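Quick note: the sequence shown uses our numbering, first residue 8, plus one each step. See structure below.
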Amino acid sequence: MNPLNHVAIIMDGNGRWGLKYKNSRNEGHRAGLDTVEKIIKETIKQKINYLTLYAFSTENWNRPKKEINYLFSLLENFLTNKIEDLHKQNIKLNIIGVKNFSKKLNKLLNFSEKKTLKNTTLQINLALNYGSKLEIINAIKKMNKNNEKINEINLSKYLQTNNTPDPEILIRTGNTKRLSNFLLWQLAYTEIFFEKKLWPDFDKKDYVKVIGKFRKIKRNFGNI
Ligand code: IPE
Ligand code: IPE
Ligand code: MG
Numbered sequence: 008m009n010p011l012n013h014v015a016i017i018m019d020g021n022g023r024w025g026l027k028y029k030n031s032r033n034e035g036h037r038a039g040l041d042t043v044e045k046i047i048k049e050t051i052k053q054k055i056n057y058l059t060l061y062a063f064s065t066e067n068w069n070r071p072k073k074e075i076n077y078l079f080s081l082l083e084n085f086l087t088n089k090i091e092d093l094h095k096q097n098i099k100l101n102i103i104g105v106k107n108f109s110k111k112l113n114k115l116l117n118f119s120e121k122k123t124l125k126n127t128t129l130q131i132n133l134a135l136n137y138g139s140k141l142e143i144i145n146a147i148k149k150m151n152k153n154n155e156k157i158n159e160i161n162l163s164k165y166l167q168t169n170n171t172p173d174p175e176i177l178i179r180t181g182n183t184k185r186l187s188n189f190l191l192w193q194l195a196y197t198e199i200f201f202e203k204k205l206w207p208d209f210d211k212k213d214y215v216k217v218i219g220k221f222r223k224i225k226r227n228f229g230n231i
């Protein structure tokens with residue numbers, strides 16, 4: 008049985024779900040939040056210590072302004088209403104990506120991170136305005152500035168995931184098989200599960216099934 012510490016998820020398919028069932032992409036984003044809550048709950052139940060969720064990529068700025076605004080208002084409401092609850096569940100919230108949002112949202116994100124900093128049950132890395140290429144470039148720039156030797160261990164330390172082991176599992180919902188600039192370095196040896204279901208339809212049972220499949224995989228790491 009493979010040990011499991013860290014699950015990363017590309018939560019894709021909200022827009023299509025919204026269009027299909029509610030005639031609105033934004034409704035899909037709203038429904039996707041319910042899945043987020045269910046998956047967090049199951050992650051804790053499974054005693055997994057790290058969960059990284061891709062919520063907004065550096066490329067997602069290409070979307071219509073109306074959709075972007077809706078996404079960030081959802082996030083703002085979610086954190087405002089739920090941070091106390093997350094804190095009570097001993098969850099640590101860690102933002103990865105570049106925090107260059109509205110003053111109000113930046114403040115809320117910093118507050119949420121600070122409030123939950125010492126929590127130990129589950130660390131959630133929320134990827135917001137996150138792009139893996141940008142993360143790597145920024146890491147190398149900083150390493151240069153600090154005269155740091157360029158090697159794997161040091162580069163890992165300079166990434167925003169520095170306090171997180173590499174994920175053993177990556178799940179991408181929404182029936183699309185690509186990485187979309189997510190954790191390119193960290194996923195070097197991750198087991199990847201592309202799921203047909205759209206994110207709002209993905210449920211606890213699907214999640215448990217992926218975990219069960221993962222547990223039985225023969226992981227070689229180059230060995231035989
Ligand atoms: C993923 O769902 C969520 C975000 C990018 C915020 P999408 O919005 O990409 O959903 P589809 O792929 O268009 O259905
Ligand atoms: C990736 O999904 C980003 C998030 C899930 C936040 P996208 O739906 O934006 O990816 P592409 O652009 O279709 O590859
Ligand atoms: Mg998509």
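Here a beta-carbon is modelled for each residue, glycine too, at the ideal position from N, C-alpha and C. Just so it is clear, the structure is predicted and the values come from calculations on it, not from any experiment.
Which of the three DSSP states, helix, strand or coil, is assigned to residue i?
i    : result
N30  : coil
S163 : helix
N132 : strand
A62  : strand
F221 : helix
F189 : coil
R179 : strand
I46  : helix
Y137 : strand
F228 : coil
I199 : strand
P207 : helix
E155 : coil
I51  : helix
M8   : coil
L125 : According to the sequence provided, residue 125 is Lys. The question's Leu does not apply to it. Three-state result, K125: coil.
D213 : helix
L40  : helix
T171 : coil
K106 : coil
Does the Cβ-Cβ distance between residue i and residue j come in under 8 Å?
i    : j    : result
I90  : A134 : no
F228 : I176 : no
D41  : T183 : no
L141 : W24  : no
N136 : K99  : no
N132 : N101 : yes
I6   : N9   : Nothing about residue 6 can be reported from this structure: the residues present for the chain run from 8 to 231 only.
T50  : L129 : yes
T200 : V217 : Inspection of the sequence shows that residue 200 is occupied by Phe rather than by Thr. In this structure, V217 lies closer than 8 Å to F200 by Cβ.
R37  : G22  : no
G39  : L26  : no
S119 : L78  : no
Can you name, in chain order, every residue of its own chain whose Cβ lies under 8 Å from the Cβ of residue i, other than the five neighbours on each side?
i    : result
I157 : I147, M150
N12  : I55, N56, Y57, P172, E175
G138 : S64, T65, E66, G104, N188
I16  : I46, L58, T59, L60, Y61, L177, I178, R179, T180
E202 : I178, R179, T180, G181, N182, F209, D213, V217
N107 : N113, N136
N153 : none
I143 : L162, L166, L191, W192
N84  : none
N97  : N126, T127, T128, L129
Using DSSP bridges, identify the partner residues of residue i.
i    : result
N101 : N132
I17  : Y61, R179
Does the distance between the C-beta of residue i and the nearest non-hydrogen atom of ligand 4 fall short of 7 Å?
i   : result
D19 : Annotation note on ligand 4: not contained in the displayed structure, which lists ligand 1, ligand 2 and ligand 3 as its ligands.
Excluding the five sequence neighbours on either side, which residues of its own chain have a C-beta within less than 7 Å of the C-beta of residue i, listed in chain order?
i    : result
R226 : N9
L93  : L100, T123
K211 : K45, E49
(Q) Within 8 Å, do at least three Cβ pairs link the region 112–120 to the region 66–73? (A) no
Q. Is it true that the region 183–194 meets the region 162–172, where meeting means three or more beta-carbon pairs spaced less than 8 Å apart?
A. yes
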